[in-house]
Amino acid sequence: MPLDDLVLGLQRALDRLVRRLRLGPPPSPGRRRLLIVQIDGLSRSVLEEAIARGRAPFLARLIHRRGYLMTPMCVGLPTSTPAFQLAAMYGVRPDIPGFHYHDKRRQTDVYFPRGGDAAHVERTQAAGRRGIVNGGGTYGCVFTGGAASNLMTFAMMKRPTGAGLIRAASNLVVNAWVLVKGTIASTVEVVRVLLRTIADPVSAASGNWKWLAIKLGISVWLRELFTLAAARDIYAGVPAIYVNYLDYDVAGHAWGPRHRRALRALRRVDASILRLWRVLRRVPEYRYDLYVLSDHGQAASLPYLKVTGGRPIEQSLFEDFFDPEGVRAVSTPERKHGGLATGIEALRAQRAPGFFQRFVNYLEQDFPWVLGGTRSVRERGGIRVIAAGPNAFVYFLETAEPWTLERIEERYPALAARISASPGIGIVLVRSANGPLCFWRGARYGLDTLAAGPFAKRPDLERVVEGIRDLMAMPSAGDLVIYGIDAPQGNVSFVAEVGAHAGPSTDEMQTFMIHSRAVTVPTPITHPVQLYPHFARYQVDAA
Ligand SMILES: [Zn+2]
């Protein structure tokens, strides 16, 4: 967009002036720099369909006319953003079994959008390694990857007063422009929904307003902010940038991965990548390498409540398996948060550091799937159940170490087989003395016999086996790991969403990385851990 260019040009001139006055020389050209654009939640098959149908015209152009390659990538298990990003940013196989889980050793839940949780995981699991975004900028990520500048990155949500905010605040011109554009776009969207609601008040009402809130928050304001922040970093020659566009994933959860609204969100992300591309072309001396990748895909899914007529998974498990005689299970609600109004009040009261966190909490209350899952937890009689998406974890809290099947079934005979045969359930994973086991439709499979059962038709069976082995080796994975993926009713999610991920379906596990033909990437990419040495080379260059 020519106006964007004008604004970025103005900001650049201003930066140059400021640098001349106090900051010294501009960054040296020559070294190669890293720009990673993540399209959250986009499977390879949806991208291929979108390209074929003209829904991602810029990515199509990169591949067909600019000599870029699309390398297939398998992302391992769980198919979840924090697991992907920790592996890619630090080169470790993380102990992150889902977006929301329990840590028996610390006796606490880990829930990524909660302030401090992401930062703790990053601090304790990065193995003292240098992150691939060290000295750079991350936007919309779960972890910082070592970046000095972070906006809407979970690990920095609690204290966004760091360099990210200062840098954002110093970008006066860019910020003012985001404000103008965001306001105009928001007004247009509000008017559109108003007109639609007037035309068809009954059917339009709820869906339209819900969608409007997401579109404004994530697809207008955040995308705009991320794009301009990244563009600004490129002009400044920042050594590494990792920007994560959330739009498509959020729309996919709400409407389904192939719904027209999700594809429209993808189209807008595609346009943002084009804008970044144009900026890259203007500073060839900085030698940025562009990578466009996805952290996981989504499976079209059916909410579990629809299968059971309104009974959540935690309730089913307690009533049917753990405590059939017991009194009504008592849910243990987590601390309630104040929502947006409180956030604004806090901002007024100069307690601004909590503001981003409060925005997240506000989103979480009304749009839990925006953040990848609800905080749905029940505990009674020493058993804690956490539903995080198409996955639910059962923890026996008596001991800190994981329970094997042998130990579980001493108390609850044939438990895993019985759960796997109940409505809305796909597979149940459990550890045993002889390694992980998988239960499906009431029958038991070892990792060597999966081809005879739930994964009979998978050409990437080896990846599924490796993923299950990784997942069940994580100390924080539940003593039972229950998936709604591949239930008799279809793919089922334990939260209210129609696009889901965390599980082993092909669309969830198989994604892509688009990159220049001039760079040599590891092939095949069977796990994001392989990306680390490749991206870390840009850091070695820096030293
Ligand atoms: Zn998601």
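Remember, the working numbering sits 529 above the position in the sequence shown when you count from 1.
Glycine included, C-beta positions come from ideal geometry on N, C-alpha and C.
Segment contact: the stretch 955-965 against the stretch 1008-1016, three or more CB-CB distances shorter than 8 Å; contact assigned. Counting C-beta atoms within 10 angstroms of its own C-beta, Ile580 has 16 or more neighbours from the protein chains shown and is therefore classed as buried. For ligand 1, a non-hydrogen atom lies closer than 7 Å to the CB of His782. Note on the stretch 969-1033: whole alpha helix (DSSP H) runs with a minimum of 4 residues are 990-1002, in chain order. Per DSSP, Tyr815 has no beta-bridge partner at all. According to DSSP, residue pairing for Asn679 in a beta bridge involves Thr667. In the structure shown, the three-state DSSP call for Val957 is strand. Pairing Thr667 with Arg807, the inter-Cα distance amounts to about 20 Å. The Cβ atoms of Leu792 and Arg992 do not sit closer than 8 Å to each other. Under DSSP, Thr673 takes part in no beta bridge, so it has no partner.
Note that the C-beta distance between Ser823 and Leu571 is below 8 Å.
Its Cα nearest to that of Trp784, the residue Gly1028 stands out among Gly1028, Pro942, Leu805, Val671.
Straight-line spacing of the CA atoms in Ala616 and Ala542 works out to 38 Å. Annotation: Phe641 is outside any beta strand (DSSP E) and is labelled neither H nor E by DSSP. Within the model, the alpha-carbon separation for Thr978 versus Ile1043 is close to 34 Å. In the three-state scheme derived from DSSP, where H, G and I count as helix and E and B as strand, Asp852 is classed as coil.
Contact between Cys603 and His1056 is confirmed by a C-beta separation of about 7 Å, below the 8 Å threshold. The residue from Leu1000, Leu775, Pro768, Asn1020 with its alpha-carbon nearest to that of Ile625 is Leu1000. Restricting attention to Leu775, Gly674, Cys967, the CA atom closest to the CA of Leu754 is found in Leu775.
For the pair Ala1025 and Phe922, the CB atoms are not nearer than the 8 Å cut-off.
Between Leu805 and Val566, the C-beta gap is smaller than 8 Å, which places the two residues in contact.
Here His631 is buried: its Cβ has 16 or more other Cβ atoms, across all protein chains shown, within 10 Å.
Taken through DSSP and simplified to helix, strand or coil, Tyr833 comes out as helix.
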